[in-house]
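Notes to accompany the following structure.
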Amino acid sequence: MTLSHPTVTEEQARQLREIVIDVLELEPDELTETSHFVNDHDADSLLAIEILARIEQDLDVDIPQDQLPEMVNLAGVWAVVARNQRGGDQ
Amino acid sequence: MITGLGAVSSAGIGADDFTAAIRDGRCTTGPITSFDAGGFPHRNAGEVPGFRPEEWLTRIDPDRWGRSSQFAASAARLATLDADLRPEDLARARTGSVMGTTSGESAAIEQLVGEWRSDGLKSLSPSLVQAVPAGRIAAAVNTELGIDGEALTLATACSASNYALGYAYDMVGQGEADYMFAGGADSVNRWAHAGFYRLGALAEEVCRPFDTERGGILTAEGGVALLVEPYERAIARGARIYAEVLGYGLNCDADHMVHPNAATIAGCIREAQRNAGVTPEQIDYICAHGTGTRTNDATEVAAVREVFGDAMPPISSIKSMIGHTMGAASGFGALICCRALYEGFLPPTANVERVDPELGRGVDPVPGKARQAAPQVVQNHGFAFGGNNAIVILGKAA
Amino acid sequence: MTTDTARRPLPTDDFTPTLTTLAVTSTAAVSPAGVGTTALAAALAVGGATGGEATEGLGDLGEETLPPRPVRAVPPLPFAELLGRKGLRNLDRTTRLALVACQMALDSYPGSIGPGAGVVMGTSSGSVRSSGEYSLRTLQAERPYLVNPSLFPNTVMNCAAGQVAIRHGLHGVNATVAGGALAGIQALRYARNATRQGQAERLLVAGAEELSAQTGWGWQRSGALRPDFPLGEGAAALVVEPEEVAHAEGRPVLARVLAAEVGFAPRGRLFATLTTCIGRALDRSGVAPADVRSVALGATGQVGADRLELRAVRGALGTAGMPPTVDVRQAVGETFSATVTLQLAALVDTWRQRGAHPGEAALITALGHDGSVGCLVVRGPATSPAH
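Protein chains in written order, with the numbering used here: chain A, 2 to 91; chain B, 5 to 402; chain C, 85 to 471.
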């Protein structure tokens with residue numbers, strides 16, 4: 002598994018980035034693929050769940066809550082979303 | 005002194021039925037019937053099955069009062085009977101009530117939301133609107149029993165009943181009141197079910213505190229009332245004394261709205277013990293907040309360990325049997341503590357198959373059924389959203 | 085005033101404990117009259133409209149509109165400037181108003197409140213808009229659990245108190261009293277007990293009420309308020325501490341809360357119960373009816389309750405006669421659980437400006453539709469601040 006996002010589309014990647022920026026109240030250039038939600042952006046457990054909830058709602062995917070610990074940065078979010086795509090492309 | 009107990013819960017109506025179910029370790033949660041839970045992946049809760057308020061209430065017209073108020077008033081009526089008092093006895097004295105809640109009259113609010121959705125806000129039913137204020141929960145107790153003292157509703161969420169019991173203890177102790185009812189009430193509602201599910205805090209089938217496989221809470225409902233009166237009065241009228249409030253402690257995490265904090269909880273335990281004039285070695289049993297979420301139980305045990313070291317007393321959670329009754333939760337905890345002190349047993353934790361090794365050594369959740377014992381001093385925990393910690397220490401009546 | 089001790093049969097009954105006096109050492113208010121207690125007191129002095137029906141301060145009402153009746157809204161506030169941008173997004177209006185009032189009360193407090201301080205917040209049912217919208221979302225969403233977890237704490241009634249504690253690091257007792265019209269009286273009563281028990285040396289006592297389409301239509305449909313009486317909103321906060329602590333530490337005392345008495349009329353005996361309650365409060369305060377120089381009423385415009393309240397006050401004060409009355413709600417609209425705290429903040433400001441007469445006391449009354457009654461007896465500072 003690499004940090005790339007083989008199965009999220011460009012559009013999804015853009016949406017996910019916007020969700021994270023919005024929920025964590027960031028300036029767009031603050032968020033990189035590997036900047037850490039908790040350590041770099043002051044996220045807490047509630048905000049992490051809010052990110053998950055927004056993704057489920059806006060992208061129409063189901064993400065088991067036990068995968069939350071992987072969603073520590075944008076790359077982690079892409080990986081989790083890719084894995085849980087509805088009728089995924091694998 | 006606590007001399008009367010009343011309960012309306014999934015585990016039975018009346019303190020005797022409630023206690024019997026708890027002693028037996030009976031899990032009384034089940035599929036939700038009060039709203040359509042079909043769209044939720046998790047569909048269980050602790051509802052009061054077939055509650056008919058008119059069976060218990062004589063003065064209150066159930067049509068004019070919300071479900072939580074009905075629970076509270078019924079519980080207070082039952083506590084009055086249990087204390088072998090007539091409402092006239094209470095009405096002649098300076099009697100008040102202090103009741104805790106998390107979501108107040110949530111059932112009335114959800115009915116109004118239904119009207120809003122169907123026909124807009126302009127269609128709201130006046131009688132439902134009038135039933136909304138949370139302060140009506142204590143007002144219902146005073147109305148039902150015809151008492152003219154204080155009627156205070158404390159909305160300090162899931163530790164509110166412990167706040168209430170502490171306040172009642174102070175009012176009676178200072179001579180501000182002759183009798184005080186303390187307790188709490190809440191109703192199962194869709195929005196809390198959705199919120200807890202979304203937080204990942206809702207169990208799928210059952211609540212199994214302290215277990216390796218614990219998956220969260222089950223929302224629940226009910227009403228509980230404890231009658232508090234001064235020692236001299238209880239003795240003078242020959243009352244049965246279940247237990248004595250020895251003291252209590254309150255503090256606030258001031259840290260996070262939903263995440264508990266072990267250090268402040270430990271501080272709250274120390275404050276309660278200091279206030280009660282007891283040391284950790286004297287505590288024979290802890291009635292845990294024990295919600296059954298991974299975070300709560302780990303944090304709570306860590307806090308207890310911080311105060312007690314490795315000599316932790318048995319610690320169990322009745323939420324395994326009745327779910328999380330929110331504002332009433334620590335009131336049910338206090339009620340079972342009273343019966344435990346009076347009858348000599350330790351309340352169990354149901355649904356525990358394997359105590360989570362990550363909680364560390366020495367955790368005794370009294371698995372299965374109640375254990376015969378002779379506790380003298382017990383500690384009742386209540387923690388809440390907003391970091392509102394409240395702990396009451398109860399002792400066996402001398 | 086005699087209390088009804090005669091009918092009590094048991095040995096503990098005839099004991100009436102002495103009351104401890106709470107000193108008010110800071111006040112703040114945010115209301116339709118504007119930011120600050122002076123704006124509030126000025127609006128009270130003119131005794132009527134606050135100059136605007138503007139509701140742009142309310143912001144987004146969602147897809148709803150307010151009912152067709154007079155309203156008074158807090159003017160637009162720069163919340164991000166007052167409270168900081170971060171973390172603001174998920175806070176509802178009730179919490180924001182409470183946070184602004186508490187922030188201001190701490191800013192004007194001459195000293196440091198300290199981490200052991202407590203919070204007592206008055207409410208009726210929290211933010212009904214927040215819980216209602218959350219509940220509605222579970223009906224409207226494609227799947228009922230597609231709700232925003234970060235908004236969930238707003239649906240719980242102790243949200244504002246918890247947020248105030250988090251923001252200011254207050255680890256003392258943190259309580260929320262759900263008393264509606266009586267909330268401010270109950271909050272001060274609770275705070276007095278907390279200081280007496282040593283649970284906190286100082287407390288922030290506050291009340292907050294937001295105007296929303298949901299509560300607006302609730303008032304409209306309930307019929308509890310005369311149709312021409314405006315709906316309002318606002319928040320007020322006080323710092324209170326034992327009088328001897330304030331003196332020992334050299335803090336000016338703005339007002340002294342002598343009594344916070346409550347009672348309940350279980351069978352529609354509101355008039356007699358309120359009269360008794362006021363009498364007991366004066367009695368326990370050692371305040372003669374003639375020393376009551378102003379009365380803040382809490383039920384003006386409430387169908388049935390307003391006349392009853394006035395009669396009870398008149399009855400309790402007896403031959404001393406009726407001093408001037410005010411009701412902050414006439415200036416800022418129905419503010420329900422924030423009313424008593426706003427009344428007290430306005431009263432303190434009036435005393436600050438003109439100086440209280442020696443021994444001058446004020447009476448603040450409230451009654452609820454459920455049968456609850458209560459009152460405060462407040463005295464001005466021991467010596468008038470010389471301005």
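Where is the CB? At the ideal position from N, CA and C, for every residue including glycine.
Within chain C, partners of A/Gln58 - CB distance below 8 Å:
For the C-beta of A/Gln58, the chain C residues within less than 8 Å are, from N- to C-terminus, Ala225, Leu230.
Please state whether DSSP places B/Ile319 in a helix, a strand or coil.
Residue state, collapsed to three classes: strand.
Ends of the alpha helix (DSSP H) at C/Arg280?
Note, C/Arg280: alpha helix (DSSP H), 267-280.
Scan the region 174-227 of chain B and note each continuous beta strand (DSSP E) run of 3 residues or more that stays entirely inside, going in chain order.
If we require 3 residues or more, the beta strand (DSSP E) runs fully inside the region 174-227 of chain B come out as 183-190.
Please list, in chain order, the residues of the region 198-229 of chain B that have any C-beta partner in chain A closer than 7 Å.
Residues Arg202, Leu203, Gly204.
Rounded straight-line distance, which links the Cα of A/Pro29 to that of B/Ala11
Each residue's Cα considered, the two are about 54 Å apart.
Exposed or buried, B/Met5, counting other C-beta atoms within 10 Å across all chains shown (16 or more means buried)?
Label assigned to B/Met5: buried.
Given 8 Å, three or more beta-carbon pairs between the region 184-199 of chain B and the region 222-230 of chain B:
Judged by Cβ distances under 8 Å, the region 184-199 of chain B makes contact with the region 222-230 of chain B, as three or more pairs qualify.
Taking only the alpha-carbon atoms, compute the straight-line gap between A/Ala58 and A/Asn74 and give it to the nearest angstrom.
According to the sequence shown, residue 58 of chain A is Gln rather than Ala. Taking the straight line joining both Cα atoms gives about 19 Å.
So that I know if they touch, is there some Cβ in chain C lying closer than 8 Å to that of A/Ile50?
Contact with chain C is found for A/Ile50, since one of that chain's Cβ atoms lies less than 8 Å from the residue's Cβ.
Taking 7 Å as the line, does the beta carbon of B/His197 fall inside it for any heavy atom of the ligand HEM?
The ligand content of the structure shown is nil, which means the ligand HEM is not present either.
Residues from the region 256-279 of chain B in contact with chain A, defined by Cβ distance under 8 Å
Of all residues in the region 256-279 of chain B, those with a C-beta nearer than 8 Å to a C-beta of chain A are His260, Met261, Val262, His263, reading in chain order.
Taking CB distances under 8 Å as the criterion, tell me whether C/Val155 reaches chain B.
Closer than 8 Å: no.
Grab me the residues of B/Phe200's own chain with a C-beta within less than 8 Å of its C-beta, minus the 5 sequence neighbours each way, in chain order.
The beta carbon of B/Phe200 sits closer than 8 Å to the beta carbons of Leu206, Gly220, Ile221, Thr223 from its chain, once the five residues preceding and following it are set aside; these are given in chain order.
Figure out for me which residue from A/Gln66, A/Asp67, A/Ile52 has the closest Cα to the Cα of A/Val60.
The displayed chain sequence assigns Leu, not Val, to residue 60 of chain A. Nearest C-alpha to A/Leu60: A/Ile52.
Give the straight-line distance between the Cα atoms of C/Arg71 and C/Val323, rounded to the nearest whole angstrom.
No answer is possible for residue 71 of chain C: the residues shown for chain C start at 85 and end at 471.
Runs of 3 residues minimum, wholly inside the region 214-244 of chain C: which ones carry the beta strand (DSSP E) assignment?
Unbroken beta strand (DSSP E) runs of no fewer than 3 residues, entirely contained in the region 214-244 of chain C, are not found.
Using 8 Å as the limit for Cβ to Cβ distance, is C/Ser234 near chain A?
For C/Ser234, the answer is yes, since a Cβ of chain A falls inside 8 Å of its Cβ.
Hey, C/Asp367 and C/Ala445: beta-carbon distance below 8 Å or not?
Not in contact: C/Asp367 and C/Ala445 (Cβ atoms no closer than 8 Å).
Compare the C-beta of C/Arg92 with all C-beta atoms of chain B and state if any pair is closer than 8 Å.
Any answer about C/Arg92 is weak, because its pLDDT of 39 lies below 50 and its placement is not dependable; what the coordinates show is given next. By this cut-off, C/Arg92 is an interface position.
Going along chain B in order, which residues have a C-beta closer than 8 Å to the C-beta of A/Asp45?
The answer, in chain order, is His260, His263.
Could you name each continuous beta strand (DSSP E) segment of 3 residues or more that falls completely within the region 302-362 of chain B, going from the start of the chain to the end?
For the region 302-362 of chain B, not a single whole beta strand (DSSP E) run of length 3 or above is found.
Buried versus exposed call for C/Thr423 [16 or more other C-beta atoms within 10 Å across all chains shown]
Counting the other CB atoms within 10 Å of its CB gives C/Thr423 a total of 16 or more, which places it among the buried residues.
For B/Cys404, the residue or residues it bridges with in DSSP:
Because chain B is modelled from 5 through 402, residue 404 of chain B falls outside the range shown and cannot be assessed.
Beta carbons nearer than 8 Å to chain C: which residues of the region 11-40 of chain A have them?
Residues Val24, Glu26.
Are C/Leu124 and C/Val412 close, meaning C-beta to C-beta below 8 Å?
Yes, they are a contact pair.
Residues, ordered as in the chain, of the region 338-350 of chain C that lie near chain B by beta-carbon distance below 8 Å
Sequence-ordered contacts of the region 338-350 of chain C with chain B read Val346, Gly347, Phe348, Ala349, Pro350 [C-beta pairs closer than 8 Å].
Could you tell me which residues DSSP pairs with C/Phe348 in its beta bridges?
C/Ser456, per the DSSP bridge assignment.
Residues of chain B with a CB under 8 Å from the CB of C/Ile448: which are they?
Neighbours of C/Ile448 on chain B: none; closest Cβ ~17 Å, over 8 Å.
Using C-beta distances below 7 Å, list every residue in its chain close to B/Ser38, excluding the 5 sequence neighbours before and after it, in chain order.
These residues qualify, in order along the chain: Glu51, Val192.
Report yes or no: is there a C-beta of chain C within less than 8 Å of the C-beta of A/Ala54?
At least one beta carbon of chain C lies nearer than 8 Å to the beta carbon of A/Ala54.
Looking only at its chain, what residues have a beta carbon closer than 6 Å to the beta carbon of B/Ser451, apart from the 5 residues adjacent to it on each side?
Because chain B spans 5 through 402 in this model, residue 451 of chain B falls outside it and cannot be assessed.
Under 8 Å between C-beta atoms, does C/Arg251 make it to chain A?
No, its Cβ sits nowhere closer than 8 Å to a Cβ of chain A.
Using 8 Å as the limit for Cβ to Cβ distance, is B/Glu310 near chain C?
So no, B/Glu310 is outside the interface.
What in chain C is Cβ-close to B/Ile151, meaning under 8 Å?
Residues of chain C passing the Cβ test: Phe348, Pro350.
List, in order along the chain, the chain C residues whose C-beta lies closer than 7 Å to that of B/Ile36?
By Cβ distance, chain C contributes nothing, its closest Cβ being about 12 Å from B/Ile36, past 7 Å.
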